[in-house]
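Heads up: the sequence shown begins at 5 in the numbering used here, then just goes up one per residue. C-beta atoms are modelled at their ideal positions from N, C-alpha and C, and glycine is treated no differently. Predicted, not measured: the structure shown is a model, and the values here were computed from it. Have a look at the structure below, then the notes.
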Amino acid sequence: MNVGSIKTVMTTEKKNMSQILIGNDFWKMRNENISLPIYWRESEVSNHHVGVAGTSGAGKTHWIRQFVTGMSDTIEIDIFDYHGDIEIPGATTVLFSEATRYGYNPLILNTDEHYGGVRRAVNDVIQAINSTSRKLGANQEGVLRNLLLDTYMLKGIYADNPLSWKKREASEAEIKEMKAQRNWSGLREIYPSLSDVINLAKRKLKALWMGIEDKDHGRQALSAFDDYARAMAAINQLRIKLNKANIKDDEESQRLEKRMEVAKGKALETHATFLNNMESGREFEEAMKYNSKDVLLSVITRLENLHATGIFNANPPPFGNARIRRYVLKPLAQSEDELKMFVRFRLRAIIRERMQRGESGGKLEHFIVLDESKKFNDEDASNPINIIVNELRKFGLGILLSGQSPAHFSSDFIKNAGTLLLLNLATSDWDEAARKLKIEVKNLKYLKPQESAAVRMLEKRQSAVFRQIKFG
Ligand SMILES: Nc1ncnc2c1ncn2[C@@H]1O[C@H](COP(=O)(O)OP(=O)(O)OP(=O)(O)O)[C@@H](O)[C@H]1O
Ligand SMILES: [Mg+2]
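Dropping the structure here:
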């Protein structure tokens with residue numbers, strides 16, 4: 005059987021509105037041998053969210069490919085493909101892996117005063133991490149929040165001043181190049197990245213160890229300490245080299261020795277200045293906003309792991325102006341937490357962007373495809389999938405989820421999705437599906453992999469019933 009016959013039909017009066025043939029009425033075909041085509045009509049369904057359920061091999065991905073291919077070419081599409089098997093003609097595909105290092109810098113701000121800003125970006129990062137199996141503890145969350153706010157502040161970006169939110173996006177390579185050229189003013193014009201947060205966190209950790217505050221005189225003392233430590237390390241390295249080569253003394257070693265002495269003097273002096281200038285006696289408490297060394301260290305470890313995956317690096321994927329963007333996430337399939345964070349993060353960005361653009365007058369403008377969505381669904385109202393299903397219809401955003409069983413969809417999704425397509429289901433899922441979806445078990449028994457389905461389309465002026473369809 006083939007669903008190759010799925011077609012897009014554009015009617016003249018509804019220009020650009022998708023109408024997709026999804027199969028023929030099963031009973032008409034069976035009893036009267038008549039083909040009665042059943043269409044999914046963008047303008048008729050009550051919303052554009054679609055759920056597809058079926059056992060492995062039932063034909064979910066195949067159906068999704070046909071469905072998306074049939075959509076009007078005015079619709080922007082984001083496909084999260086972590087099996088790497090949703091090829092769509094005309095899609096631009098980017099592979100995300102530790103090797104390609106494509107990713108999105110989570111600290112880039114949406115500059116819209118109402119939908120964007122520093123606090124939202126900070127919350128997005130925290131929520132993305134908290135969506136994983138390893139939630140942040142209350143102390144860790146507080147520390148990370150302070151770190152992110154301070155990292156922005158160091159770039160002159162303030163939560164309360166939208167005028168300061170506009171900076172430039174730059175790739176890792178570009179940032180590296182600017183650092184090599186000591187282009188500090190240029191770097192100030194660029195959004196901070198995760199590495200900046202990690203560097204700041206390490207600095208704060210050092211301040212905690214030394215018991216001084218990373219500010220004014222304290223900061224000078226820390227810098228002097230760093231210089232001293234660096235000079236000492238350089239000398240030691242050189243000594244090892246000289247020893248190996250059996251050279252006793254050396255001009256370079258004397259020079260470094262002198263440099264170290266100077267650095268030491270400076271460190272002593274700045275530390276004394278810091279002590280002499282302590283004012284409130286609360287300098288240490290201020291440093292305490294970074295909690296304990298242990299908490300800070302654990303946050304640093306989390307950030308470093310995140311950085312290592314590559315998906316949150318400042319290396320924008322080369323999608324260009326592509327209308328259909330396919331994110332192949334197969335290499336991340338093993339790291340479930342990272343995968344979850346990535347998808348959640350993108351979904352939130354898309355939601356913001358759509359809300360910012362405003363209402364679409366009922367038109368579908370942007371469609372998201374999430375195959376095997378079990379990993380991403382839950383009942384949490386702040387889960388972006390539930391937000392999309394509950395609130396984003398009027399902003400022209402639709403989402404397609406697929407899963408092995410309807411039990412993998414959230415109750416918000418099942419209640420609200422305009423279209424539900426059931427393919428062959430596992431017998432153990434029949435009773436629950438029948439109860440939840442109001443379909444008779446006998447109708448589920450008929451469903452054959454790759455051949456037939458039951459579809460419920462909530463259409464304006466129509467009652468919501470499942471219809472049996474046959475592909476091909
Ligand atoms: N309607 C169909 N007509 C012809 N071939 C089909 C049809 N549906 C699915 N197939 C074929 O059956 C195989 C399995 O389909 P598919 O990959 O879509 O299953 P799936 O439900 O996504 O499974 P999984 O859960 O394992 O990803 C594929 O080779 C696909 O081409
Ligand atoms: Mg599949």
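Partner residues in the beta bridge of Val373, as assigned by DSSP, are Ile83, Leu404. Using a 10 angstroms sphere on the CB of Val266, the tally of other CB atoms stays under 16, which defines it as exposed. Counting along the chain, Val332 sits inside the beta strand (DSSP E) bounded by residues 328-332. The three-state secondary structure of Asn381, taken from DSSP, is coil. Counting only residues of its own chain and dropping the five nearest sequence neighbours on each side, Leu374 has a CB closer than 8 Å to the CB of Phe84, Val347, Phe380, Ile389, Ile403, Leu404, Leu405, Ser406. Pairing Ala57 with Leu426 gives a Cβ-Cβ distance under 9 Å. As the crow flies, the alpha-carbon of Arg207 is around 51 Å from that of Met75. For Thr73, the Cβ stays outside the 8 Å cut-off from all heavy atoms of ligand 2. Spanning the alpha carbons of Ile304 and Gln258 requires a straight line of approximately 37 Å.
When DSSP states are grouped into helix, strand and coil, Phe470 belongs to the strand group. According to the DSSP assignment, Asn394 belongs to the alpha helix (DSSP H) that extends over 388-395. Within the same chain, Ile328 come within 7 Å of Gly94 by CB-CB distance, once the 5 residues on both sides are set aside. For Leu99, there is no enclosing alpha helix (DSSP H); the residue is part of the beta strand (DSSP E) that begins and ends at 96-99. Beta bridge pairing from DSSP links Gly27 with Ile42.
Of the candidates Gln224, Ile112, Ala326, Ile112 places its Cα closest to the Cα of Ser197.
In the DSSP assignment, Gly74 forms no beta bridge with any residue.
Shortest Cα-Cα distance from Ala238 to any of Lys219, Glu217, Ile251, Met264 involves Met264. Within its own chain, the residues whose Cβ lies closer than 6 Å to the Cβ of Gly190, once the five positions on either side in sequence are excluded, are Met182, listed in chain order. A direct Cα-Cα distance of roughly 19 Å separates Glu376 from Ser432.
Per the DSSP secondary-structure output, Leu425 pairs in a beta bridge with Val56, Val459. Every residue whose beta carbon comes nearer than 6 Å to a heavy atom of ligand 2 appears here in chain order: Lys64, Thr65, His87, Asp375. Leu300 is positioned such that its CB atom lies no closer than 9 Å to that of Leu424.
With a cut-off of 8 Å on Cβ pairs, the region 356-363 is not in contact with the region 36-49, counting fewer than three such pairs. Beta bridge pairing from DSSP links Arg172 with Ile194. In this structure, the C-beta of Gly476 approaches ligand 1 to less than 8 Å from one of its heavy atoms. Distances from the CB of Thr59 to the heavy atoms of ligand 1 include at least one below 8 Å. Membership of Asn447 in the alpha helix (DSSP H) is indicated by the continuous run 445-449. Relative to the Cα of Phe278, the nearest Cα in the group Glu256, Lys293, Ile216, Thr313 belongs to Ile216.
Between Val126 and Leu153, the C-beta gap is smaller than 9 Å, which places the two residues in contact. C-alpha of Ala174 to C-alpha of Glu383: approximately 37 Å in a straight line.
Arg352 is a Cβ neighbour of Asp128, given a cutoff of 9 Å. Between the region 310-329 and the region 94-103 there are three or more inter-stretch CB-CB distances shorter than 8 Å, so the stretches are counted as touching.
In this structure, Val54 is the residue among Ile26, Glu36, Gln23, Val54 with its C-alpha nearest to the C-alpha of Gly422. Here DSSP, grouped into helix, strand and coil, assigns Gly146 to helix.
With fewer than 16 other beta carbons inside 10 angstroms of its own, Glu117 counts as exposed.
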